[in-house]
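Residue numbers (UniProt numbering), protein chains in the order written: chain H, 1 to 215; chain U, 1 to 215; chain Y, 1 to 215.
Beta carbons are placed, not taken as given, at the ideal position from N, Cα and C, and that holds for glycine.
Computed from a prediction, not measured in an experiment: that's the story for all the values here.
To keep things clear, I will list the structure first and then write my remarks on it.
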Amino acid sequence: MITADPHIVHILQEVIEFLGTFAFAISGIRHAAARHFDWFGGYVCGFAVAIGGGTIRDVMLGVTPFWMTSPMYVLCTAVALIFVILFGRLLKRLDNAWFAFDTLGLALFNIAGIQKTLTMGHAFWVAIIMGCITGAAGGVIRDVLLNNIPVIFHKEIYAMACVAGGLVYWLLFYLGAPLPLTIVVSFLTVCIIRYLAVRYHISLPILSKDAGDMD
Amino acid sequence: MITADPHIVHILQEVIEFLGTFAFAISGIRHAAARHFDWFGGYVCGFAVAIGGGTIRDVMLGVTPFWMTSPMYVLCTAVALIFVILFGRLLKRLDNAWFAFDTLGLALFNIAGIQKTLTMGHAFWVAIIMGCITGAAGGVIRDVLLNNIPVIFHKEIYAMACVAGGLVYWLLFYLGAPLPLTIVVSFLTVCIIRYLAVRYHISLPILSKDAGDMD
Amino acid sequence: MITADPHIVHILQEVIEFLGTFAFAISGIRHAAARHFDWFGGYVCGFAVAIGGGTIRDVMLGVTPFWMTSPMYVLCTAVALIFVILFGRLLKRLDNAWFAFDTLGLALFNIAGIQKTLTMGHAFWVAIIMGCITGAAGGVIRDVLLNNIPVIFHKEIYAMACVAGGLVYWLLFYLGAPLPLTIVVSFLTVCIIRYLAVRYHISLPILSKDAGDMD
Chain H
1 MITADPHIVH ILQEVIEFLG TFAFAISGIR HAAARHFDWF GGYVCGFAVA IGGGTIRDVM
61 LGVTPFWMTS PMYVLCTAVA LIFVILFGRL LKRLDNAWFA FDTLGLALFN IAGIQKTLTM
121 GHAFWVAIIM GCITGAAGGV IRDVLLNNIP VIFHKEIYAM ACVAGGLVYW LLFYLGAPLP
181 LTIVVSFLTV CIIRYLAVRY HISLPILSKD AGDMD
Chain U
1 MITADPHIVH ILQEVIEFLG TFAFAISGIR HAAARHFDWF GGYVCGFAVA IGGGTIRDVM
61 LGVTPFWMTS PMYVLCTAVA LIFVILFGRL LKRLDNAWFA FDTLGLALFN IAGIQKTLTM
121 GHAFWVAIIM GCITGAAGGV IRDVLLNNIP VIFHKEIYAM ACVAGGLVYW LLFYLGAPLP
181 LTIVVSFLTV CIIRYLAVRY HISLPILSKD AGDMD
Chain Y
1 MITADPHIVH ILQEVIEFLG TFAFAISGIR HAAARHFDWF GGYVCGFAVA IGGGTIRDVM
61 LGVTPFWMTS PMYVLCTAVA LIFVILFGRL LKRLDNAWFA FDTLGLALFN IAGIQKTLTM
121 GHAFWVAIIM GCITGAAGGV IRDVLLNNIP VIFHKEIYAM ACVAGGLVYW LLFYLGAPLP
181 LTIVVSFLTV CIIRYLAVRY HISLPILSKD AGDMD
């Protein structure tokens with residue numbers, strides 16, 4: 001499964017990144033449609049999901065946000081917007097495809113965030129948090145812009161799949177596993193946990209309302 | 001119309017910047033008043049509209065936020081707050097003045113954002129996005145703080161006027177037009193599009209609800 | 001009262017910082033519990049209150065966010081989450097303790113924000129704003145994530161206590177007072193103003209609705 005050919009690995013990574021960005025943008029645009037946003041609002045929402053997490057990560061790492069160095073993300077979001085405008089009715093039938101792309105994107109963005117943070121010389125626990133932010137913060141920005149309570153805080157195992165993938169990455173790194181193996185196993189960890197959580201309706205416990213405080 | 005005297009140009013720019021900052025701050029404070037915010041909440045809301053877009057731009061460009069280098073913006077927001085407290089009832093009669101100042105501010109902030117981004121060596125498409133963020137993101141922050149759905153995502157031509165102004169700037173730059181002409185024409189483009197959109201109730205198409213997804 | 005022993009001062013500062021971080025995290029988790037967030041959502045909310053203000057400050061100052069350099073804040077929030085899960089019912093009886101810890105944390109974070117900003121060479125009025133952001137912005141992020149209108153904008157004297165503390169710091173600095181005295185007096189100013197405001201229900205005037213504008 002793990003090819004040593006760096007050219008194929010690079011192409012595979014670019015394909016997953018495009019599909020993931022596309023699925024993230026579609027998610028933002030569809031949520032915007034449910035709120036009667038116009039085309040511009042849909043575009044901003046899609047773009048925020050696609051690049052929001054990585055942008056927060058890059059600002060905290062003190063580097064230029066990744067999307068400012070290649071027009072791929074701006075164009076990919078534009079394609080997603082045109083896609084939703086033209087094929088809006090068909091989208092619901094493709095829910096399995098979006099789920100698959102979204103999960104691949106989540107896993108890839110997570111690993112990419114971990115590696116970028118480690119490259120900058122930060123501790124592993126910082127890298128795991130940054131991987132989680134890269135994968136999951138875009139959806140939180142989307143929910144804030146749409147005036148919804150962020151769905152990942154009360155409903156789904158999403159960010160926790162990133163944390164689990166990050167811990168596996170750390171363990172394999174600590175055990176001295178080769179980098180390609182480390183990447184593939186932690187990538188699959190994110191995908192499998194997210195799949196199982198959705199398939200078997202697994203979620204985290206809810207905080208007791210007894211502890212609640214609304215001032 | 002286009003004076004070559006750099007002193008007069010500079011004064012004109014400062015006057016427009018003050019009027020624009022003032023109009024942006026007034027907009028934030030009036031929205032805060034509609035939500036029964038106190039004086040402090042009104043000040044923060046007004047300040048967020050006035051400096052929010054430029055601050056996001058500067059953080060992404062990796063430079064010190066512009067308002068930290070001159071007390072003008074902090075003071076201008078304070079004047080706006082006092083103005084609203086003293087003359088609250090009169091404000092509605094001045095709606096045409098606010099609209100004019102707000103439009104001048106939008107156009108100026110847009111051009112300023114484009115030029116600052118180009119000066120830092122970024123591509124033109126990045127500069128157009130940054131110009132749009134400089135002009136329009138403050139209002140989005142205001143709406144998020146007030147728990148409203150951002151108005152520019154579903155109701156008005158506002159950010160698209162910035163995008164159009166940015167494209168005109170790009171075109172004139174590409175054609176080798178002199179800088180003052182480029183600035184004035186793209187400035188007027190933003191003002192005229194915004195004016196026509198409000199005057200004739202022109203808005204972007206709404207996304208079809210068929211494509212909607214609220215999870 | 002003011003000891004000259006730097007070792008004891010340092011320990012005292014660390015204890016207050018831990019208690020303040022803990023109280024801030026508890027505040028975020030309890031608000032999350034009132035909204036039926038799960039454990040992950042509670043953790044993120046608690047973390048956002050504890051580190052949100054200082055992170056915005058550090059990003060605007062152009063330095064690495066403080067919590068990325070020590071695992072204390074991540075661990076302290078985890079302890080707070082476990083505490084809420086285990087002792088949720090007891091929390092309401094401890095309201096006076098939370099109020100005391102929260103006020104100590106607010107005062108400490110405010111002073112720390114002022115000093116960090118001055119060290120970076122910024123003007124005093126920038127430092128006062130940064131101190132205010134360090135102390136109060138985390139709670140605003142919490143309210144935005146929970147889809148509430150930020151409580152500090154319409155209900156409580158909270159950020160204004162920071163501004164008052166900052167002005168006292170400025171005055172004493174201007175008068176040439178020794179640094180320890182300056183710190184202690186401005187620290188106590190924040191605590192006392194916050195205590196008096198809550199004790200005697202003192203709040204800022206509300207903006208007149210006549211000035212309101214909701215577009």
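Beta-carbon of M72(H) versus every beta-carbon of chain Y: anything under 7 Å?
no
Sorted by chain position, which residues of the same chain lie with C-beta nearer than 7 Å to F37(H)'s C-beta, five sequence neighbours on each side aside?
C45
Quick check on DSSP: helix, strand or coil for D102(Y)?
helix
If you run the structure through DSSP and keep just helix, strand and coil, what is I206(U)?
strand
For L104(U), which option in L86(U), V140(U), W170(U) and A23(U) has the closest C-alpha, if you only look at C-alpha atoms?
A23(U)
Proximal chain H residues relative to N147(U), where beta-carbon distance stays under 7 Å
N147
Does F87(Y) pass the burial test, meaning 16 or more other C-beta atoms within 10 Å, or should it be called exposed?
exposed
Please state if the CB of I29(H) and the CB of V84(H) are separated by a distance shorter than 7 Å.
yes
Does chain H have any CB closer than 7 Å to the CB of V59(U)?
yes
Specify, as a first and last residue, the run of the alpha helix (DSSP H) that H10(H) falls within.
P6 to A34
Would you check if there are 3 or more beta carbon pairs closer than 8 Å linking the region 106–114 of chain Y to the region 199–213 of chain U?
no
Measuring CB atoms only, is the region 137–155 of chain U touching the region 185–198 of chain U, in the sense that at least three cross pairs come out at less than 8 Å?
no
Those residues which DSSP pairs with D58(Y) across a bridge
Note: D58(Y) sits in no beta bridge, so no partner.
Given 8 Å, three or more beta-carbon pairs between the region 174–181 of chain U and the region 62–80 of chain H:
no
May I ask you to verify whether the region 153–166 of chain H touches the region 135–144 of chain H, counting CB pairs closer than 8 Å and requiring at least 3?
yes
Does R199(U) have its Cβ less than 7 Å from a Cβ in chain Y?
no
Can you grab the Cα-Cα spacing for the pair Q13(Y) / M60(U), in whole Å?
33 Å
Whole-angstrom distance between R89(U) and G54(Y), CA atom to CA atom
38 Å
Rounded straight-line distance, which links the Cα of D58(H) to that of K116(H)
9 Å
Report the partner residues of D38(H) according to the DSSP bridge assignment.
I206(U)
Are the beta-carbon atoms belonging to A48(Y) and A25(Y) less than 7 Å from one another?
no
Cβ of L61(U) versus every heavy atom of the ligand FMN: is any distance shorter than 6 Å?
For the ligand FMN, the structure offers nothing, since it holds no ligand at all.
Can you tell me where the alpha helix (DSSP H) with G121(Y) in it begins and where it stops?
Here G121(Y) belongs to no alpha helix (DSSP H), and DSSP marks it neither H nor E.
Determine the direct distance from the alpha carbon of C76(Y) to that of V198(Y), and round the result to whole angstroms.
27 Å
How about F187(H) and A107(H): do their beta carbons lie closer than 7 Å?
yes
So G42(U) packs on L207(Y), CB below 8 Å; how close in whole Å?
5 Å
Exposure of F11(H), with buried meaning 16 or more beta-carbon neighbours within 10 Å:
In the sequence as displayed, the identity of residue 11(H) is Ile instead of Phe. Exposed, since its Cβ has fewer than 16 Cβ neighbours within 10 Å.
For H31(Y) versus L196(Y), is the C-beta spacing smaller than 7 Å?
no
Using a C-beta cutoff of 7 Å, does I206(H) count as contacting chain Y?
yes
For T189(U), report the span of its alpha helix (DSSP H) as first-last.
L179 to R199
Mind listing the chain H neighbours of T64(Y)? Cutoff is C-beta to C-beta under 7 Å, in chain order.
G62
Taking I85(H) as part of the alpha helix (DSSP H), name the residues at either end of that continuous run.
M72 to F87
Just to confirm, is the Cβ distance from Y73(Y) to T21(Y) under 7 Å?
yes
Express the C-alpha separation of V126(Y) and V140(Y) in angstroms, rounding to a whole number.
20 Å
For G212(H), decide whether its Cβ has a neighbour in chain Y, counting only Cβ atoms nearer than 7 Å.
yes
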